[in-house]
Amino acid sequence: MTQYVIIGDGISGSSAAETLREEDPDAKITVITDEGEPLYNRILIKEHAKGKLPEAPISIHDEDWYEDRDIDLSLNTHVTSVDTEGKVVHTHDSGEIPYDKLLVATGGTPTQLPVENSDADGIHHFWTFEDARGIRNHADEADRGVIVGAGLLGIDFAAVCGAQGIEADYLMRGDRWWRYALSAEGAEIMHEGMRDVGVEPVFDSGVDRFEVDDDGRVTAAVDPNGDRYECDFAGVAIGLSFNTEFLRGAGIEQDNGIVVDEYMQTNVDDVYAAGDLTQFHDVLLGEQAQNGSWGSAKEQGRVAAINMAADAEEEGFQWVSSYSITHFDFPFLSFGHPTRGDEHAERKYSDTEWRRIAFKDGKIVGGVLIGDLSPQSKFKQLMREQRVVADQAEVLLEQSVDLDELAPTQEQ
Ligand SMILES: Cc1cc2nc3c(=O)[nH]c(=O)nc-3n(C[C@H](O)[C@H](O)[C@H](O)COP(=O)(O)OP(=O)(O)OC[C@H]3O[C@@H](n4cnc5c(N)ncnc54)[C@H](O)[C@@H]3O)c2cc1C
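Numbering follows the UniProt record's numbering, in which position 375 of the sequence shown is assigned residue number 375; successive positions increment by one, without gaps.
What follows is the structure, encoded as structure tokens:
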């Protein structure tokens, strides 16, 4: 009987466990997580922090779900090391769990700002349900906020402040939100969305240090220009540090994440990785890539499990990810790798409608849609087909995209 061990019960680990059970009914499957609760919807915890959703709808699996599938679930168990020669996982409570095949699905932990007082009371990071509970409780009573991190997670803090009536300054480096994927014109729509909920974007800023009171509670952020922003609530979302310390000495190749091939295999026999922490070979992009999104993590877990159970390179990971934001009066969607293009086409259609497509070697590799998300499936189709279409940007920027208008000669 094959013994599978999965470290991490986020969406990638959990989806792998489910697939392994389907593929290998007799196997022994163990899932280890250092969180105190089984899989929940990490995307929805922001709604909880906003004060909108109660706890129950956020949970995805209860413990019975694992029992019903004969999957051993170890909650509150931190993996401290892996012996890839002896094929054993070691846990904080001296547990030793042998494996035939191992999946590392441990995601990341929010990075703390490397500045004075960055761990003061009232400064929040956002990754777990516990974080969301803490943010919700504090946001209820806070008046002034500061947000740091001009990306997809930072904007969740802006939404929490907006929903909880906290007036906030959003301190950004550079001249706009998510400057790697948006032009000034697109970003301005997002800035207006923030202002509408009471969050003021502040550009060419950031945090040099936090000030605290005698009780160690945050009272202000001081930016590199010396400007001081009073706050009793701060949200920091400047990126993730991947949870791989326990792999020290295990011989697994890492490069800001765990390097895997399209089958989710690491360089070490019988060790696979899936989810946010992988540097995977993106077959559509033709390069190593990384992706921090729910759908991608779920699919990577599934694909890893298929290959683990088959003991072969049965199925490659091929996926166009997307990430949507619904905090404002208009929807926002990023798809693929919008920051990886070498050429771009964009258009503004109205005060709340804008589109940008990123091309690499003439093929779409990603983009951002604001206001009207309807072209997403067509753009994703072109990505999957790997069609060279950059020279037909006019067709792609039509308000209503008609793929039949693309010249057939451009197909590869
Ligand atoms: C607030 C928020 C909003 C988001 N919104 C969106 C969105 O709108 N759309 C979208 O697509 N994505 C969104 N995401 C991102 C998405 O949730 C992640 O991409 C996805 O959850 C990653 O899943 P994962 O399984 O790779 O890792 P995780 O979900 O991070 O799971 C890893 C698990 O491993 C555990 N672990 C780590 N180290 C160890 C160890 N040593 N021993 C045992 N267990 C360990 C962790 O505690 C964790 O439970 C959001 C994320 C957050 C935090």
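All C-beta atoms in this analysis are idealised placements derived from N, C-alpha and C, irrespective of residue type, glycine included.
From a predicted model like this one, the values you see are computed outputs, not experimental measurements.
Please indicate yes or no: does the CB of residue i lie closer than 8 Å to some heavy atom of ligand 1?
| i | result |
| --- | --- |
| Arg-302 | no |
| Glu-63 | no |
| Arg-248 | no |
| Tyr-99 | no |
| Asp-34 | yes |
| Asn-243 | yes |
| Thr-80 | yes |
| Gly-151 | no |
| Thr-77 | yes |
| Arg-195 | no |
| Phe-126 | yes |
| Thr-106 | yes |
| Tyr-323 | yes |
| Lys-52 | no |
| Leu-369 | no |
| Gly-275 | yes |
| Trp-354 | no |
| Asp-93 | no |
| Lys-46 | yes |
| Gly-8 | yes |
| Arg-42 | yes |
| Ile-238 | no |
| Trp-294 | yes |
| Asp-83 | no |
| Ile-11 | yes |
| Ala-163 | no |
| Asp-72 | no |
| Ala-297 | yes |
| Ala-132 | yes |
| Asp-282 | no |
| Asp-156 | yes |
Pull up the CB-CB distance for residue i and residue j, whole angstroms please, since I reckon it's below 8 Å.
| i | j | result |
| --- | --- | --- |
| Arg-176 | Leu-182 | 6 Å |
| Tyr-40 | Ser-15 | Contact doesn't hold; Cβ gap of about 14 Å is too wide. |
| Ala-105 | Gly-8 | 4 Å |
| Thr-111 | Gly-10 | With 8 Å as the limit, Thr-111 and Gly-10 do not qualify as a contact, their Cβ atoms being about 18 Å apart. |
| Ile-262 | Val-283 | The question names Ile, yet the displayed sequence has Glu at residue 262. With a Cβ gap of about 5 Å, Glu-262 and Val-283 count as contacting. |
| Tyr-4 | Ile-29 | 5 Å |
| Asp-342 | Lys-360 | 5 Å |
| Asp-196 | Phe-328 | 7 Å |
| Phe-129 | Ile-135 | The pair is not a contact, with the Cβ atoms about 11 Å apart (cut-off 8 Å). |
| Gly-145 | Leu-171 | Gly-145 to Leu-171, Cβ: 11 Å. No contact. |
| Phe-242 | Leu-277 | 4 Å |
| Arg-21 | Val-115 | Contact doesn't hold; Cβ gap of about 46 Å is too wide. |
Identify every residue that forms a DSSP beta bridge with residue i.
| i | result |
| --- | --- |
| Arg-217 | Asp-121 |
| Lys-360 | Lys-363 |
| His-90 | Ser-81, Glu-96 |
| Ser-74 | Ile-32 |
| Phe-242 | Gly-108 |
| Leu-171 | Val-148, Val-202 |
| Arg-176 | In DSSP, Arg-176 forms no bridge with anything. |
| Val-5 | Thr-30, Leu-102 |
| Ile-258 | Gln-254, Thr-278 |
| Gly-235 | His-124, Ile-147 |
| Phe-210 | Ala-221 |
| Ala-273 | Val-104 |
| Glu-230 | Ala-220 |
| Gly-289 | What sits at residue 289 in the sequence shown is Ala, not Gly. DSSP lists Phe-280 as partners of Ala-289. |
| Gln-265 | Tyr-272 |
With distances taken from CA atoms, which of the options is nearest residue i?
| i | options | result |
| --- | --- | --- |
| Ala-273 | Tyr-349, Ile-306, Leu-333, Leu-285 | Ile-306 |
| Ser-324 | Asp-34, Phe-129, Met-190, His-124 | Met-190 |
| Leu-152 | Leu-333, Glu-353, Ala-27 | Leu-333 |
| Gly-165 | Ala-142, Val-212, Ala-105 | Ala-142 |
| Asp-121 | Phe-330, Val-236, Gly-336, His-90 | Val-236 |
| Leu-102 | Gly-362, Ala-309, Glu-262 | Ala-309 |
| Leu-285 | Asp-311, Phe-317, Ala-345 | Phe-317 |
| Gly-193 | Gln-392, Cys-161, Asp-204, Pro-224 | Cys-161 |
| Asn-76 | Thr-33, Arg-42, Glu-130 | Thr-33 |
| Glu-211 | Tyr-229, Asp-196, Asp-72, Arg-195 | Tyr-229 |
| Cys-231 | Val-199, Pro-57, Asp-391 | Val-199 |
| Gly-295 | Ser-12, Leu-53, Asp-204 | Ser-12 |
| Tyr-99 | Arg-248, Val-88, Asp-93 | Val-88 |
| Arg-248 | Gly-149, His-92, Ser-81, Gly-51 | Ser-81 |
| Lys-50 | Val-218, Asn-137, Ala-358, Tyr-66 | Asn-137 |
| Asp-156 | Ile-45, Arg-209, Arg-133 | Ile-45 |
| Gly-186 | Asp-402, Leu-406, Ile-357, Ala-407 | Ile-357 |
| Asp-255 | Glu-23, Gln-290, Ser-377 | Gln-290 |
Can a CB atom of chain D be found closer than 9 Å to the CB of residue i?
| i | result |
| --- | --- |
| Asp-351 | Included in the structure is just one protein chain, with no chain D present. |
Unbroken stretches of the beta strand (DSSP E), 3 residues or longer, contained in the stretch 100-147: 101-104, 108-110
Start-end ranges of the beta strand (DSSP E) lying completely within the stretch 12-65, minimum 3 residues: 28-32
Beta strand (DSSP E) runs contained entirely in the stretch 306-387, provided each spans 3 or more residues: 322-325, 332-336, 343-350, 353-360, 363-370
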